[in-house]
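Peer 1:
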Amino acid sequence: MTPRAESSKETAPSGRGVPPSQRVVVIGAGIVGNSVAYHLCRLGQTDVTLLDKGPLPNPGGSTGHASNFIFPVDHSKEMTLLTLESMRQYKDRGVFIESGGIEIARTEERMQEFTRRMASACSWGIEPVSLLHPEQVSELVPFIDQRLIRGGFYTPGAGVVDSLRAATMMREEAANDGLTVAANTEVLGIDVEGGRVRRVRTTRGDIETEHVVIACGAWSPRLAAMAGASIPLTPMVHQMIDIGPAPRFANAKGMIEYPIVRDMDTNMYERQEGTNLEIGSYAHRPIALDADEIPSIEEAALTPTELPFTQADFDPQMEIALELMPEIVGDETVGVKYAINGVLSVTYDGMPLLGETAEVPGLWSAAAIWIKEGPGAGKTIAELMVHHESEIDAYESNIARAYACQRTKAHIRARASEGFNKMYGIVHPSEQWESDRGVRLAPFFERERALEAVFFEAAGWERPHWYASNAPLLEEYGERVARREAEWESRWWSPIINAEHLAMRDRAAMIDLTAFAIFDIVGPAALDVAQHVAMRQVNVAIGRVVYTPLLTPSGGFKQDLTIMRLADDHFRVVTGGAYGMSDLKWLQAHLPPDGSAQIHDQTNAWCTLGLWGPRARDILSSLTDDDVSHEGFPFARCRWIEVDSLQVLASRISYVGDLGWELYVPIEQGARLWDVIAEAGAPHGIVPAGIGVYGTTGRLEKCYRAYGFELEADYNVVEAGMAWGKVKDEDFVGKEAHVRHREEEPAALLCALTVDDHTSSAGIKRYMLGGEPILTSDGDPVVDRRGRRSYVTSAGAGPSLGKHILMAYLPPQYAVVGEQLSVQYMGERYQVSVQTNDSTPVFDPENARVRS
Amino acid sequence: MNILVCVKRVPLTGGKIVLTDDARAISTRHLGFTISPHEECGAEEAVRLVEQHGGSSTVLTVGPPEAEEQLRDVMAIGVDRAVHLVTDDEEWDPQATAAAIVDAIREVPEPYDLFLFGNESADAGNYQVPIRVAHALGLPCVTGVKGIAVSDGQLRCEQEVEGGRDIYELSMPAVITVKEGLNLPRYPSVPGRLRAKRKPVEDSTPPRRQPRLEMVRLHLPAGSGKQVEVLGHGPEAAPAVVGILRELGLV
Chain F
1 MTPRAESSKE TAPSGRGVPP SQRVVVIGAG IVGNSVAYHL CRLGQTDVTL
51 LDKGPLPNPG GSTGHASNFI FPVDHSKEMT LLTLESMRQY KDRGVFIESG
101 GIEIARTEER MQEFTRRMAS ACSWGIEPVS LLHPEQVSEL VPFIDQRLIR
151 GGFYTPGAGV VDSLRAATMM REEAANDGLT VAANTEVLGI DVEGGRVRRV
201 RTTRGDIETE HVVIACGAWS PRLAAMAGAS IPLTPMVHQM IDIGPAPRFA
251 NAKGMIEYPI VRDMDTNMYE RQEGTNLEIG SYAHRPIALD ADEIPSIEEA
301 ALTPTELPFT QADFDPQMEI ALELMPEIVG DETVGVKYAI NGVLSVTYDG
351 MPLLGETAEV PGLWSAAAIW IKEGPGAGKT IAELMVHHES EIDAYESNIA
401 RAYACQRTKA HIRARASEGF NKMYGIVHPS EQWESDRGVR LAPFFERERA
451 LEAVFFEAAG WERPHWYASN APLLEEYGER VARREAEWES RWWSPIINAE
501 HLAMRDRAAM IDLTAFAIFD IVGPAALDVA QHVAMRQVNV AIGRVVYTPL
551 LTPSGGFKQD LTIMRLADDH FRVVTGGAYG MSDLKWLQAH LPPDGSAQIH
601 DQTNAWCTLG LWGPRARDIL SSLTDDDVSH EGFPFARCRW IEVDSLQVLA
651 SRISYVGDLG WELYVPIEQG ARLWDVIAEA GAPHGIVPAG IGVYGTTGRL
701 EKCYRAYGFE LEADYNVVEA GMAWGKVKDE DFVGKEAHVR HREEEPAALL
751 CALTVDDHTS SAGIKRYMLG GEPILTSDGD PVVDRRGRRS YVTSAGAGPS
801 LGKHILMAYL PPQYAVVGEQ LSVQYMGERY QVSVQTNDST PVFDPENARV
851 RS
Chain V
853 MNILVCVKRV PLTGGKIVLT DDARAISTRH LGFTISPHEE CGAEEAVRLV
903 EQHGGSSTVL TVGPPEAEEQ LRDVMAIGVD RAVHLVTDDE EWDPQATAAA
953 IVDAIREVPE PYDLFLFGNE SADAGNYQVP IRVAHALGLP CVTGVKGIAV
1003 SDGQLRCEQE VEGGRDIYEL SMPAVITVKE GLNLPRYPSV PGRLRAKRKP
1053 VEDSTPPRRQ PRLEMVRLHL PAGSGKQVEV LGHGPEAAPA VVGILRELGL
1103 V
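Protein chains in written order, with this note's numbering: chain F, 1 to 852; chain V, 853 to 1103.
1) Can you name the residues of chain V whose CB is closer than 7 Å to the CB of F:Ile-243?
2) Taking V:Thr-865 as the query, report the chain F residues whose CB atoms sit under 9 Å from its CB, ordered along the chain.
3) Output yes if chain V places a C-beta closer than 8 Å to the C-beta of F:Asp-315; else output no.
4) Taking Cβ positions, are F:Ile-392 and F:Gly-376 nearer each other than 8 Å?
5) From the beta carbon of V:Gly-915, is the nearest beta carbon of chain F less than 8 Å away?
6) Roughly how many whole angstroms lie between the Cα atoms of F:Tyr-403 and F:Gly-577?
7) Taking all protein chains shown into account, do 16 or more other C-beta atoms lie within 10 angstroms of the C-beta of V:Leu-901, making it buried, or fewer, making it exposed?
8) Does DSSP put F:Asp-626 in a helix, in a strand, or in coil?
9) Have a look at F:Gln-112 and F:Phe-455 and give me their C-alpha separation to the nearest angstrom.
10) Is F:Asn-176 helix, strand or coil when you go by DSSP?
11) With a threshold of 7 Å, establish whether the CB of F:Gln-406 neighbours any heavy atom of the ligand MN.
12) Output the boundary residues of the alpha helix (DSSP H) element that contains F:Phe-314.
13) Is it right to say F:His-65 is buried, meaning 16 or more other beta carbons lie within 10 angstroms of its own, or is it exposed?
14) At the 8 Å Cβ level, is F:Thr-57 part of the contact set with chain V, yes or no?
15) In or out: F:Ser-397 buried (at least 16 other Cβ within 10 Å) or exposed?
16) Quick one: any contact between the segment 405 to 415 of chain F and the segment 254 to 269 of chain F, if contact means 3 or more CB pairs under 8 Å?
17) Does any C-beta atom of chain F lie closer than 8 Å to the C-beta of V:Val-1053?
18) Contact criterion: CB-CB distance below 8 Å. Does V:Val-1038 meet it with respect to chain F?
19) In whole angstroms, give me the CA-to-CA distance for F:Ala-37 and F:Ala-459.
20) Is the shortest distance between the beta-carbon of F:Pro-308 and the beta-carbons of chain V less than 8 Å?
21) Check each candidate in F:Glu-298, F:Gly-28, F:Ala-174 and name the one with the smallest Cα separation from F:Leu-43.
22) Among F:Tyr-547, F:Ala-752, F:Arg-565, F:Phe-516, which has the Cα closest to the Cα of F:Val-540?
23) If the criterion is Cβ atoms closer than 8 Å, does the pair F:Ser-123 and F:Glu-819 meet it?
24) Does DSSP put F:Val-854 in a helix, in a strand, or in coil?
25) Any C-beta of chain V sitting closer than 8 Å to the C-beta of F:Leu-148?
26) Give the range of the beta strand (DSSP E) segment to which F:Ala-445 is assigned.
27) Can you find the residues in the same chain that come closer than 6 Å, C-beta to C-beta, to V:Ala-976, ignoring five residues on each side of it along the sequence?
28) From this set, F:Ala-848, F:Leu-623, F:Glu-78, F:Ala-530, which residue's C-alpha is nearest F:Leu-587's C-alpha?
29) Quick check on V:Leu-883 - is its C-beta less than 8 Å from some C-beta in chain F?
30) Taking Cβ-Cβ distances below 8 Å as the criterion, which residues of the segment 317 to 337 of chain F are in contact with chain V?
31) Enumerate, from N- to C-terminal direction, the unbroken beta strand (DSSP E) stretches of 3 or more residues contained entirely within the segment 941 to 1029 of chain V.
32) Does the count of Cβ pairs from the segment 1017 to 1028 of chain V and the segment 965 to 981 of chain V closer than 8 Å reach three?
33) Check F:Trp-586 in the structure and name its three-state DSSP category.
34) To the nearest angstrom, report how far apart F:Arg-222 and F:Ala-367 are at their CA atoms.
35) Taking C-alpha atoms, which residue in F:Arg-766, F:Ala-499, F:Leu-753 lies nearest to F:Val-817?
36) Rounded to whole angstroms, how far is the Cβ of F:Gly-555 from the Cβ of F:Ala-737, which I believe are closer than 8 Å?
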């Protein structure tokens, strides 16, 4: 169109200013921002403005160019739930085309991975899915060269969405309910005053506001920085091309006639739309960008997130696609009509960034979300803003989870680049990152390295998983240590873990627990804060240690942790490293506004060494004059003792089921603590033991629950078998719901099961790793009355029992000791039996060892 | 017949052009690269003529090492081989560019019958190189061509002029500069792309002649960039749309 001198650059609500004040400002009008705004309106929040720098309906972010297809099956439960909710919303709006999708295998290893996908589909309730022979793939996708493939994993429910249309519909509906929309409105600043968000400054004026949601995709880090916060993602390039018109597609009746093909082993996908075939890739070299490298709308040749295509990176993918689909891709008359380096958002751990930012109250992140999660993530954020909890427990996506070292550009780039080529990878549940390791080192690190520790990463810490120097224990324990024949289960595992476990049960073990997150709640109101967040009574004598759940408002699990009362006005909270920063955020949100209680993060000030086993007292008493007898230092107590020249905070609790202590010293004294314990322990046969014992074998024999495995917001305390004692009189978060749960018949009960027969049809003993579906003995899925499937929440060896232990929530009719069920693993079913249906441990059910 | 098509690597710009700090070039920080639409038609024409009459086609560029990307793009639609006269990153003036091309052409053992250029480059727009090449080689030259036909070794070229067409008939070898609209260039196929990767590129580094034209700085005229006018909303916009269509002579 001819440029006209008098023309205006404005489109939607042109020329007008923005409202001077709003409850919420949502920045970014892609699928995520529109979804957040829509769901806020649905929850009664209509005092909302949605801004975008770009024009509508396509402001120029990745919603406008993304490939828009959805495969629901994922090994991650949280991702699956976000995806299923998003699909439901797309379908409700009529913008979902169910094309079906086939993941194809070129290798036997991939076919085995598909049996795992079958299992995950069953665990998360996605049906139907099936494994296909190459001929069956060919019937569905006749232009594929079936000679190249071993088979396929078919999800008939996969499909393609129109995310721009969905976003527009959401915006228009919300606008009818009162949402204000301002396109072509650039954010110039986000002001923080008095420690929280106060104002958004835009090219059309300032908006005073209490909440700001950043839903700006790859630009999000730039916006967060305006408020002094971080959204730890990196923009990355995903290449795709469109070729057409293909003669075979000329007579296609609908827009999409063929299932989407994911060529898993080459990290590529191909999908027909209209007369074209789209080819996309995650196989090229990882190309990470800075948010500042994304051009402005005016400068961009296409849109800002459709960067110039770099052909050389895509050449190998063209060869692969041509080989797989020669009829279409090899056709000389079919042209490459569109080719881009699309920009998408990638995080250091592959999960989205949802929730209130760690740094600035009132500043929310709705970032690192792809089309398949958009509407579900929008709903989740809106619920978190309004109700402080969400229907989908998105704790793995909580933006607050990231530690400072995980927010650095170097770390994000390293991990995002490493993860990029694993997008379609066969990723072992225990698989470790290779890049940017060695960032957080315990004071024990050099000693551990000398002992040939095999380090796994936990919250950025290097933590021994087992010690190769303990190999002689294998000889000592001989047959009692089961070997694993299948490569998959022996990957990221060693029989040494089980041997370390047995040595701990026989003698003693020292375990590095420095990855714990440690917070001190102090001040006159410290008790009120601790009491308000903790389910159990924490108004206890000084020197008591309380193990307690933290509940969500609906009475689900927010966390389980221990609290030591160190003084009247001083509570020390110790929680697992994985979600330590999320827990800190939760605690901070419950502080009184008058400053009468404060939280100090002591994580990097203290190191922790666990000392457990029947000889633990002998070892400790040889180093101290303090009374560490059972009478003098009972279970669930903590106190300062002198160990050699060190002042040690000793806490007599155990997550492994043996007598012993967690020993805390200032981090610079950790090496000395290690040395004196090792030296004093030597005559008693102490061994260093890794997290394989602490997190799996020791824990599972005692049926101790773990947050993120057994404990999630979707399950309550009664279901988890943790409703011991009476409900405390004081108010606490989730109390009302918890009281109600105690009066209800639980929908499921957490049970421990053991595997009756490990032998596969090939005659090999197989060991489940967690996540597998529990089936009835007839092979049907087990579903509770709330529609939740039973699946293995944790799995691992119980070396003292000589059994493989599985934890799972079962509906009451199956949660019966002795009940026989089965578990689906790698395409076969194995018989399992219920051992306990409450918190009674399968090892030492009387807890005699812990209390000895 | 043997055809040489000459192209130039230029930035693929968006609505707003940003200059480098010294204002002597376009900032290409966010940009991809391409050749001009005229040159795309020249390449397409070369491929079609060879398809019809046999022979072979060659693409030539004077440009930095990265310009190989444009040579591969042109070969992807069917041009057989490439000649790359590799320069440093400095922009060469038309005289130096033409001299380098002439030297390269003189070295070719099998002479070209037809030289196709874009009417002007997409960035500098000096309109000089093809004419300088024709002059140096003593060849006839027709510019601004929108139709080419070959029969019995004779070329027939059509040039659009005010109110009609000029038609030139000339013998080969000849230099022709073409304009967008000459043909509808094809999209490269995937096999074409992959073949282009393996086609030969003959590299050489020509000596740079002392530039006699110096570009001092670029200036962005005010009011450039895409502009959008909202004609109205809903049915009320219809009369304004009709008005525009009338203005364009479409109704």
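Where is the CB? At the ideal position from N, CA and C, for every residue including glycine.
Peer 2: Let me lay it out:
1) Val-1042
2) Glu-299, Ala-301
3) yes
4) yes
5) no
6) Their Cα atoms are separated by approximately 10 Å.
7) Under this definition V:Leu-901 is a buried residue.
8) coil
9) Going by the C-alpha atoms only, they are around 27 Å apart.
10) helix
11) Looking for the ligand MN in the displayed structure turns up nothing, as the structure carries no ligands at all.
12) 311 to 324
13) buried
14) The sequence shown places Pro at residue 57 of chain F, not Thr. So, not an interface residue.
15) buried
16) no
17) no
18) Inspection of the sequence shows that residue 1038 of chain V is occupied by Arg rather than by Val. It does; some Cβ of chain F falls within 8 Å.
19) Their backbone Cα atoms lie some 33 Å apart in a straight line.
20) Output row for F:Pro-308: interface = yes.
21) Among F:Glu-298, F:Gly-28, F:Ala-174, the Cα nearest to that of F:Leu-43 belongs to F:Ala-174.
22) F:Arg-565
23) no
24) For chain F, the structure presents residues 1 to 852; residue 854 of chain F sits outside this window and is missing.
25) No, F:Leu-148 does not count as interfacial toward chain V.
26) It is Phe, not Ala, that sits at residue 445 of chain F in the sequence shown. Unbroken run through F:Phe-445 is the alpha helix (DSSP H), 445 to 450; no beta strand (DSSP E).
27) Nothing listed; no residue qualifies.
28) Closest by alpha carbon: F:Ala-530.
29) yes
30) Those residues of the segment 317 to 337 of chain F that come within reach of chain V (Cβ to Cβ, closer than 8 Å) are Met-318, Glu-319, Ala-321, Leu-322, Val-329, Gly-330, Asp-331, Glu-332, Thr-333, Val-334, Gly-335, Val-336, Lys-337.
31) List check, beta strand (DSSP E) in window: 966 to 970, 993 to 1003, 1006 to 1013, 1016 to 1023.
32) yes
33) helix
34) 12 Å
35) F:Leu-753
36) 3 Å
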